[in-house]
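The block underneath contains the structure these notes are about, expressed in structure tokens.
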Amino acid sequence: LFQAGIAGIGSAVPERVMTNADWAKLVDTSDEWIRTRTGIEERRICDANTAASDLAFLAAQRALQDARLAPEEIELIVVATTTPDYPVFPSVAALLQNRLGCAQAGGFDLSAACSGFGYSFYTAAQFIENGEFQKVLLVCVDTLSKNMDHTDRNVCVLFGDGASALVLTRAEAGYGHLASIIGLRGSGANELIIKSGGSRAPLTEANFSSKDRFIYMDGKAVFKFAVQIMGEATEQAIHKAGFTSKDIDFFVPHQANTRIIDAAMKRLDFAPEKVIVNIQKYGNTSSASIPLALDEAYRAGKIKKGALIATCGFGAGLSWTANVLRW
Ligand code: ACO
9 LFQAGIAGIG SAVPERVMTN ADWAKLVDTS DEWIRTRTGI EERRICDANT
59 AASDLAFLAA QRALQDARLA PEEIELIVVA TTTPDYPVFP SVAALLQNRL
109 GCAQAGGFDL SAACSGFGYS FYTAAQFIEN GEFQKVLLVC VDTLSKNMDH
159 TDRNVCVLFG DGASALVLTR AEAGYGHLAS IIGLRGSGAN ELIIKSGGSR
209 APLTEANFSS KDRFIYMDGK AVFKFAVQIM GEATEQAIHK AGFTSKDIDF
259 FVPHQANTRI IDAAMKRLDF APEKVIVNIQ KYGNTSSASI PLALDEAYRA
309 GKIKKGALIA TCGFGAGLSW TANVLRW
């Protein structure tokens with residue numbers, strides 16, 4: 009019926025830069041290990057007073073400015089996050105609605121971990137494609153630095169904090185959201201998990217000091233899964249959109265590890281100049297990673313109107329998603 013196009017984009021990251029050398033002062037690691045195993049050189053980390061909605065607010069303001077829309081015009085706010093300001097309620101969407109002044113908007117948070125961008129883009133686009141809404145604000149934000157054990161070198165060096173927002177409006181035929189796929193392999197739920205703080209093991213004084221409130225990751229298992237799924241899922245989404253990988257101008261993968269990205273790039277036969285990578289500056293920002301990379305490439309003049317883009321995310325769940333869009 010209708011097409012959901014990207015009318016504006018904006019991002020925000022914390023000011024504080026933490027380099028590999030900074031981590032090497034705190035845990036038994038090295039710049040060389042992190043760089044060669046992951047591709048990460050530095051990441052941004054929130055200070056104690058900054059929460060997800062603070063980054064989300066800045067990113068959303070920038071996206072609204074880019075789209076030249078007033079907050080009052082937004083009809084729906086969708087926030088992809090697994091690190092909301094408050095663990096149960098209210099939603100980040102509610103906090104944003106008030107702070108931005110989106111007087112007409114309803115909204116909700118969506119939890120899909122590092123697959124957050126693809127899941128929320130697919131979801132938000134539906135409301136435009138079925139004619140229900142015309143102006144939707146989509147915000148992807150995560151502050152995983154707050155949920156990791158800063159003494160666990162297996163995890164702490166990988167993640168960074170960030171937010172990125174998109175304004176979706178009705179687009180001309182052939183532009184914007186073209187196809188999506190989503191998937192889950194819940195049998196791998198224990199491979200990437202925060203065990204306490206939810207209804208299974210609420211935080212009590214007794215278990216507060218346990219490491220269970222931090223990210224646990226079986227790195228090797230997630231790596232194996234990611235290498236397989238990134239190629240497969242991207243191929244499926246491109247096929248669903250009616251294209252082949254040769255038609256794709258840019259591939260924007262979830263920024264978790266350059267070795268995972270390289271494997272997908274080879275399988276899909278994408279030339280390196282088609283693949284957008286900024287992991288070296290931000291690490292893994294979870295749901296924000298793909299739109300943060302899209303935003304940078306767009307502002308650098310690399311992505312221009314009409315560019316055909318494939319994205320692919322994977323993460324806890326285990327979950328995955330791939331999307332094809334025309335800018
Ligand atoms: N510095 C130095 N050594 C380290 C570090 C570090 N920061 N981290 C782990 N090591 C050590 C381990 O202790 C282990 O030592 P051991 O062999 O003596 O036990 C060794 O390095 C592990 O080496 P490898 O297994 O060869 O490391 P690998 O090549 O698997 O790389 C990594 C590890 C980077 C974690 C990789 O497995 C990975 O990227 N996995 C995927 C992670 C991912 O993408 N997660 C995010 C998903 S998204 C979401 O939803 C949150």
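Using full-length UniProt numbering, read the sequence shown as starting at 9 and increasing by one per residue.
Where a beta carbon is used, it is the ideal one built from N, C-alpha and C, also for glycine.
For a quick check, are the C-beta atoms of residue i and residue j less than 8 Å apart?
i, j, result
"residue 330", "residue 241", "yes"
"residue 315", "residue 226", "no"
"residue 185", "residue 133", "yes"
"residue 175", "residue 75", "yes"
"residue 238", "residue 209", "no"
"residue 291", "residue 48", "yes"
"residue 251", "residue 276", "no"
"residue 117", "residue 96", "no"
"residue 53", "residue 22", "yes"
"residue 177", "residue 68", "no"
"residue 122", "residue 20", "no"
"residue 301", "residue 286", "yes"
"residue 317", "residue 328", "no"
"residue 147", "residue 64", "yes"
"residue 268", "residue 231", "yes"
"residue 161", "residue 37", "yes"
Kindly give me the distance between the Cβ atoms of residue i and residue j, rounded to whole angstroms, as I take these residues to be in contact under 8 Å.
i, j, result
"residue 298", "residue 319", "5 Å"
"residue 171", "residue 32", "With 8 Å as the limit, residue 171 and residue 32 do not qualify as a contact, their Cβ atoms being about 27 Å apart."
"residue 181", "residue 13", "Their Cβ separation, rounded to whole angstroms, is 10 Å, which puts residue 181 and residue 13 out of contact at 8 Å."
"residue 294", "residue 90", "7 Å"
"residue 173", "residue 145", "7 Å"
"residue 87", "residue 104", "7 Å"
"residue 207", "residue 218", "Rounded, the Cβ-Cβ distance is 17 Å, inconsistent with contact."
"residue 137", "residue 233", "Not quite, the Cβ-Cβ distance comes to about 30 Å (not below 8 Å), so this is no contact."
"residue 18", "residue 71", "4 Å"
"residue 77", "residue 143", "6 Å"
"residue 4", "residue 321", "Only positions 9 to 335 of the chain appear in this structure, which leaves residue 4 out of reach."
"residue 333", "residue 158", "Not confirmed; about 37 Å, so no contact."
For residue i, does the three-state DSSP call read helix, strand or coil?
i, result
"residue 104", "helix"
"residue 328", "strand"
"residue 130", "helix"
"residue 153", "helix"
"residue 140", "coil"
"residue 235", "helix"
"residue 76", "coil"
"residue 319", "strand"
"residue 230", "helix"
"residue 333", "strand"
"residue 163", "helix"
"residue 50", "strand"
"residue 185", "strand"
"residue 242", "helix"
"residue 110", "coil"
"residue 94", "coil"
"residue 11", "strand"
"residue 192", "strand"
"residue 89", "coil"
"residue 276", "helix"
"residue 169", "coil"
"residue 267", "helix"
With a threshold of 7 Å (Cβ to nearest heavy atom), would residue i be considered close to the ligand ATP?
i, result
"residue 323", "As presented, the structure is devoid of the ligand ATP, carrying the ligand ACO as its sole ligands."
So is residue i in contact with chain D if we call contact Cβ pairs under 8 Å?
i, result
"residue 113", "Protein chain content of the structure displayed is limited to a single chain, and chain D is not contained in it."
Taking contact to mean 3 or more Cβ pairs, one atom from each stretch, closer than 8 Å, check whether the segment 123-134 and the segment 182-198 are in contact.
yes
With three or more C-beta pairs closer than 8 Å as the rule, is the segment 30-45 touching the segment 69-85?
no
Count the C-beta pairs between the segment 271-290 and the segment 98-110 that are closer than 8 Å, then say yes if the count reaches three, no if not.
Contact annotation: the segment 271-290 does not touch the segment 98-110, with fewer than three C-beta pairs closer than 8 Å.
Just checking, does the segment 37-51 make contact with the segment 161-169 on the three C-beta pairs under 8 Å criterion?
yes
Stretch-stretch touch, CB-based, cutoff 8 Å, three pairs: the segment 243-258 with the segment 218-225
no
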